[in-house]
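Chains as they are written, first to last, in the numbering used here: chain F, 2 to 345; chain D, 2 to 345.
Number of protein chains: 2
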Amino acid sequence: MVSIDEVARLAGVSTATVSRALSGRGRVSDATRARVEAAADSLGYVVSAPASSLASGRTRNIGVLVPFLERWFFSTVLAGTSAELMRHGYDITLYSVTEDPELRRSVFDTLLRRQRVDGIIAVSIALGDAEIDRMLALDMPVIAIGGPDPRLRTLTVDDVAVARLATEHLLALGHRDIAHIGASPEFDLDFHIPTQRRQGFEQALERAGLEVRPALFEPADFTVEGGFRAAKQLLGRPGERPTAIFAASDEMAIGAILAARELGYRVPADVSIVGVDGHELGEFFRLTTVDQFPAAQGERAADAMLDALQGGTVERPVAPAVDRLPFELVVRGSTARPAADAAE
Amino acid sequence: MVSIDEVARLAGVSTATVSRALSGRGRVSDATRARVEAAADSLGYVVSAPASSLASGRTRNIGVLVPFLERWFFSTVLAGTSAELMRHGYDITLYSVTEDPELRRSVFDTLLRRQRVDGIIAVSIALGDAEIDRMLALDMPVIAIGGPDPRLRTLTVDDVAVARLATEHLLALGHRDIAHIGASPEFDLDFHIPTQRRQGFEQALERAGLEVRPALFEPADFTVEGGFRAAKQLLGRPGERPTAIFAASDEMAIGAILAARELGYRVPADVSIVGVDGHELGEFFRLTTVDQFPAAQGERAADAMLDALQGGTVERPVAPAVDRLPFELVVRGSTARPAADAAE
DNA sequence: ATGAAAGCGCTAACAC
DNA sequence: GTGTTAGCGCTTTCAT
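Dropping the structure here:
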């Protein structure tokens, strides 16, 4: 491994100057910088990260906490974060935060404390109070995506508004019997998003002067299969059959479309279905959805982090605040006015 | 940040002993170790990664190269790797290797050379010769998953055999008119898996004494939508209609199922469909598939890496070899004997 | 604008 | 088994 001394020798300057020239900190004459860069290039010199980190306290590495890596939403957010951070010369160290309390503790008690990262991005993780304490004690920027916590700088869509928008779309089309596929109670415990979506749904109904009918709620687990099962229940039960379904995720909405088809209902002629997320399969299924641009969320979190790393000082740490992320109703082919005999 | 000196002082030993006690390298009496651990615990001491790396040359960090983070297969492999590595106290630094030649170069020329990782796991990436050279020059273990390269230690399923197995399953059921949805030519260029699957398909046909009919091959891009389109062509074209389809990925197979349904064909009564991968949605669609256990692949790569890090010396580096990964035919509901009038 | 030199916090010989 | 000490390869004052 070629070291800074060799570069210094070849360029005919001191190691201090090489460091300054290559890092861009402190002033160096253009001529010198050019010579140093040439020397570094010709030797194939790359700064040793551990040495640099030890000396400077900076790592150019961000820790990213993710719950389920294999779920489309999370990996998409991660892809956005990763691309943006890489573009700025930052590495990403991945910590998958599972349920396992043992592993979880190790993340917060050890891994994050090894001086390996300059900041932390927590993607849609329900953090315990103690966990937040630990992160705050690290004295480095922490950015959360989703699951707003008053003590953290959080980027999140307004889930109540998202759900209201989806529901209002159905109402505007003339639907009155609208069902909701949302979170099962367990899911809800530590993860607030499902509850908020349900609230938004109910708000929209109430504003339209409609009552919330418990029979038109069906819990599921945010998977295609869960949405499928829930929709089968909603559409198959004798009695009040909904003319529209609002599913709290695109994956569940896709499951609902499949369930409707299997029961012989046409989408959207017999039943309208709307989801939330902006899933890659949405287009294929012609799913109407409220897109929350997950890749962009990841990028924004990365930008917020880069920002915090620049301006953030001990005096002005990353302020705990909530940034609202954009979302947008994308009307495709899974929603339409209810059939004449069902409307009004 | 509490440092090793404070621990040493509190435990009444030298810093060297603290280091030995905590890292497990070199012998320390049980009594001393206990005292050191107690001291470290009570102070909340965690070894500084950069300092430790600088002094020891080890980082306890593995670089993982991934192509498309947001694709199910890759994120699943990554999840497997990540879990296994974390379990052994290793961190993961993620490098997403895209098409962009600029970013790609930076990964191989700079990022991987910063002394930040002890080894590299490359997940299903088509590596250029120059890129492999660069990695080999790093003088650290490199493990590749998929896309066997003779110069790298590679873990991969035998894709020819996988495809043969899927095809033979259809043949054994009595199908004679079997179509294949595989890679489009561009896709094939740097990524050899699709070609191999096609070869396996053709081998199976030939062994059964059947000829390979070009009309029964349809290229697609490994997505649900691509599989859907390809199957529509295959099933919709007048003339020879296949009674079975072998899709080179589960996502394409799912697309094919949906296409068949939309055309009014029943699966498997009118057309059998088999995929490859072991996709999470397979069960939901009752898809018969050849599972290649992607999460397990990730784990095995992690294990191979841990192994290499233990035994691997300069004399005996990770030998370039190909480890064959297990795969298994999982027969579910998307395949059956052809309808009587079509069989024989 | 540049150089000298003192660390950054740990590990690994080497000595005892 | 444990302590002493010399780095690991940088960055950053402090001089000049």
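In this text, a Cβ means the ideal position worked out from N, Cα and C, and glycines have one as well.
Looking at G256 of chain F: is its Cβ nearer than 9 Å to the Cβ of A249 of chain F? For G256 of chain F and A249 of chain F, no; Cβs fall outside 9 Å.
field: Nonlocal neighbours in the same chain, by C-beta distance under 7 Å from L166 of chain D, ignoring five residues either side
entry: V291, L330
**Request:** Using three-state DSSP, classify R325 of chain D as helix, strand or coil.
**Result:** Strand at R325 of chain D.
Listed in chain order, which residues of the stretch 127-155 of chain F have Cβ atoms closer than 8 Å to some Cβ of chain D? none
Going by the CB atoms, is the gap between S49 of chain F and L326 of chain D shorter than 9 Å?
Taking C-beta atoms as the reference points, L326 of chain D and S49 of chain F fail to come closer than 9 Å.
Considering only residues of the stretch 235-298 of chain F, which uninterrupted alpha helix (DSSP H) runs meet the minimum length of 4 residues and lie entirely inside it, listed in chain order? Taking only runs of at least 4 residues, the alpha helix (DSSP H) segments lying wholly in the stretch 235-298 of chain F are 251-263.
Look at the Cβ atom of A1 of chain D, then the Cβ atom of L236 of chain D, and state whether they are nearer than 9 Å. Residue 1 of chain D falls outside the range modelled here, since chain D spans only 2 to 345, and no answer is possible.
Checklist entry - Which residues in the same chain as A320 of chain F place their Cβ atom closer than 7 Å to its Cβ, once the five residues preceding and following it in sequence are excluded? => result R154
Output the distance between the C-alpha atoms of L79 of chain D and D31 of chain F, rounded to the nearest integer angstrom.
44 Å
Self-check item: C-alpha distance - L190 of chain F paired with I258 of chain D, whole-angstrom precision
Solution: Note that L190 of chain F has pLDDT 49, beneath the 50 cutoff, so the model's placement of it is unreliable and the number below is only indicative. Spanning the two alpha carbons is a distance of roughly 37 Å.
Query - Test item: CB-CB of F294 of chain D and A162 of chain D under 9 Å - result: no
### Query
For the beta strand (DSSP E) that E132 of chain F lies in, which residues bound it at each end?
Where E132 of chain F is concerned, there is no enclosing beta strand (DSSP E), although the alpha helix (DSSP H) it sits in stretches over 130-138.
Exercise. For I182 of chain F versus G147 of chain F, is the C-beta spacing smaller than 9 Å?
Worked result: no
Margin query: I want to verify the contact list: residues of chain D whose CB lies under 9 Å from the CB of R301 of chain F, in sequence order.
Written below: Near R301 of chain F there are no residues of chain D at all, since even the closest Cβ is about 17 Å away, more than 9 Å.
* **Residues near A309 of chain D in its chain [Cβ-Cβ closer than 6 Å; skip 5 each side]** => The answer, listed in chain order, is P142, V319.
I'd like to know whether the C-beta of V1 of chain D is nearer than 9 Å to at least one C-beta of chain F. This structure cannot speak to residue 1 of chain D, because chain D is shown only from 2 to 345.
Checklist line | Three-pair Cβ contact test at 8 Å for the stretch 61-76 of chain F versus the stretch 127-139 of chain D | finding: no
* To do: Report all residues from its chain with a CB closer than 8 Å to the CB of T356 of chain F; omit the five preceding and five following residues, and keep chain order.
  => This structure does not reach residue 356 of chain F, given that chain F is present from 2 up to 345, and the question cannot be answered.
Review point. Closer than 8 Å, Cβ to any Cβ of chain D: which residues of the stretch 225-243 of chain F, in chain order?
Key: V225, E226, F229
> Taking the alpha-carbon positions, what's the E100 of chain F to F75 of chain F distance?
Replying inline: 16 Å
ask   = Pick from F:R262, F:I63, F:D160, F:D150: whose alpha carbon is nearest that of Q116 of chain F?
value = F:I63
* Terminal residues of the beta strand (DSSP E) in which A123 of chain F lies -> 120-124
The beta strand (DSSP E) enclosing P151 of chain F, as first and last residue numbers: Premise fails: P151 of chain F is in no beta strand (DSSP E) and is neither H nor E.
Identify every residue that forms a DSSP beta bridge with A184 of chain F. F:A221
For S97 of chain D, report the span of its beta strand (DSSP E) as first-last. 92-97
Alpha carbon of I5 of chain F to alpha carbon of A231 of chain D, nearest angstrom
56 Å
**OP:** Out of D:V65, D:A322, D:V124, point me to the one whose CA is closest to L95 of chain F's CA.
**Re:** D:V65
Run through chain D and tell me which residues come within less than 7 Å of R267 of chain F, C-beta to C-beta. From the beta-carbon of R267 of chain F, no residue of chain D is found nearer than 7 Å; the closest lies around 12 Å away.
Requested in this report: Let me know the secondary structure DSSP gives A232 of chain D once reduced to three states.
Outcome: Per DSSP, reduced to three states, the secondary structure at A232 of chain D is helical.
For F285 of chain D, which residues in chain F fall below 9 Å Cβ to Cβ?
-> T224, V225, E226, F229, G256, L259
Which of helix, strand or coil DSSP assigns to A145 of chain D: strand
| message | Only counting the same chain, and skipping five residues up and downstream in sequence, which positions put a Cβ closer than 8 Å to that of I121 of chain F? | response | Cβ contact annotation for I121 of chain F (same chain, cutoff 8 Å, sequence separation greater than five): I63, G64, V65, L66, L113, M136, L139, M141, P142, V143, I144, in chain order.
(Q) Using only the alpha-carbon positions, how far apart do E212 of chain D and L206 of chain D sit? (A) 7 Å
**Request:** Just confirm the distance between the C-beta atoms of R287 of chain D and G228 of chain D, as a whole number of angstroms; I'd bet it's less than 8 Å.
**Result:** Actually they do not touch by this definition, with Cβ atoms about 16 Å apart.
Within-9 Å CB hit, L79 of chain F to chain D: yes
Could you name the residues of the stretch 78-102 of chain F whose beta carbon sits closer than 7 Å to any beta carbon of chain D, in the order they occur along the chain? L79, A80, S83, A84, M87, D92, I93, T94, L95, S97
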